[in-house]
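Presented below is the structure to which this report refers.
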Amino acid sequence: MFYFDPLYLLFAIPGLLLGLYAQFKLSATYGKYMRVPAESGLTGAQAARRILDDAGLYNIPVEEIPGKLTDHFDPKKRALFLSSDNFRERSLSAVGVAAHEAGHALQQQAAYAPLNFRMAIVPITNFATSACYFILMGSVILHSMRYIGGPLFSGLMTLGIVLFAIVALFQAITLPVEFDASRRAKEQLFRLGLVSGNERAAVSRVLSAAAMTYVAALVTALLQLLYWIMVARDRR
Ligand SMILES: [Zn+2]
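All the letters of the sequence shown, read from the start, carry residue numbers 39 to 274 under my numbering.
Structural data, given as structure tokens:
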């Protein structure tokens, strides 16, 4: 049984376009500065190592992983993972992204509250992500086929919307975490002399482009949440 509502497109398309634009902007900016070597001559891995060591985080390893822009800091494993390009290349993009991931390690060291909160809601968010569409679409289909009545439909829709709101909350808390990691990254790159005054704007551009993808994800989630709230109200 396939559920389709033209109204859904109205809510889905702006997020989709914004997401595509953010992805395009990120590949263009990241690609551009991947071809600009950092004056320091450091690879992404070396830059991250310098930032971590300076903060006394000698026990956090910097490891290489396959894929493109798969870079991340794992707060549970307390390890930094850089995609091959960023691990090996001596470019402004590689140094910028690597420093951003080191920024997440600095957040953990500083017990930065939004990072801890984000970590704490990961399990419930994973559950909510897989369960919310199932519950929302399932209730609408069953209700339109008259398999379930109004009260049960309302209850299930409320449950689905609460789960969706948890997903949106996760996307929302991701924003300060990401912006703050970039802020810490730029501060350290500059303070440790890993990036010159001339290079600063380029690194900022790469990190801002990366942050835009998180803004797009939040807008997408909020519009969809609004859509489901409208469906629940209209059908009640
Ligand atoms: Zn990040």
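Heads up, the beta-carbon is just placed ideally off N, CA and C, and yes, glycines get one too.
If you run the structure through DSSP and keep just helix, strand and coil, what is Ala117? strand
Evaluate Ser182 with the Cβ neighbour count: other Cβ atoms within 10 Å of its Cβ, from every protein chain shown; 16 or more gives buried, anything less gives exposed. exposed
Taking any heavy atom of ligand 1 as the mark, which residues have a C-beta closer than 6 Å to it, listed down the chain? His138, His142, Glu216, Ala219
So what does DSSP say about Glu102, is it helix, strand or coil? strand
What's the C-alpha gap between Met39 and Leu90? In this predicted model, Met39 has a pLDDT of only 43, less than 50, meaning its place in the structure is not dependable; the value taken from the coordinates is given anyway. Whole-angstrom Cα-Cα distance: 52 Å.
Does the beta-carbon of Thr81 have 16 or more other beta-carbons within 10 angstroms, so that it is buried, or is it exposed? buried
With a floor of 3 residues, list each beta strand (DSSP E) that falls wholly inside the segment 231 to 264, ordered by position along the chain. none
With distances taken from CA atoms, which of Thr212, Gln147, Glu127, Tyr171 is nearest Ile159? Thr212
Beta carbon of Met72 nearer than 8 Å to that of Glu127: yes
What separation, rounded to the nearest whole angstrom, lies between the Cα atoms of Leu95 and Leu207? 30 Å
Nearest to Val257 by alpha carbon, out of Tyr59, Ala66, Leu45? Tyr59
Going by CA-CA distance only, name the one from Ser192, Ala166, His110 that's closest to Ala132. His110
Asn97, DSSP secondary structure in three states: coil
Between Leu64 and Ala239, is the Cβ-Cβ spacing less than 8 Å? no
Does the segment 178 to 192 come close enough to the segment 213 to 229 to have 3 or more Cβ pairs within less than 8 Å? no
Cβ contact (3+ pairs, closer than 8 Å) linking the segment 264 to 273 and the segment 189 to 205: yes
CB Leu194 to CB Phe49, shorter than 8 Å? no
Helix, strand or coil for Asp109, going by three-state DSSP, please let me know. coil
Do you know whose CA, among Ala83, Gly79, Pro113, Asp43, lies nearest Arg156's CA? Pro113
Does the beta-carbon of Ser129 have 16 or more other beta-carbons within 10 angstroms, so that it is buried, or is it exposed? buried
Quick one: residues in its chain with C-beta nearer than 6 Å to the C-beta of Val56, no 5 flanking neighbours on either side, listed in chain order? It should be noted that the sequence gives Leu, not Val, for residue 56. Taken in chain order, the residues that qualify are Ala254, Val257.
Compare the C-beta of Leu95 with all C-beta atoms of chain B and state if any pair is closer than 8 Å. This model lacks chain B altogether; it includes just one protein chain.
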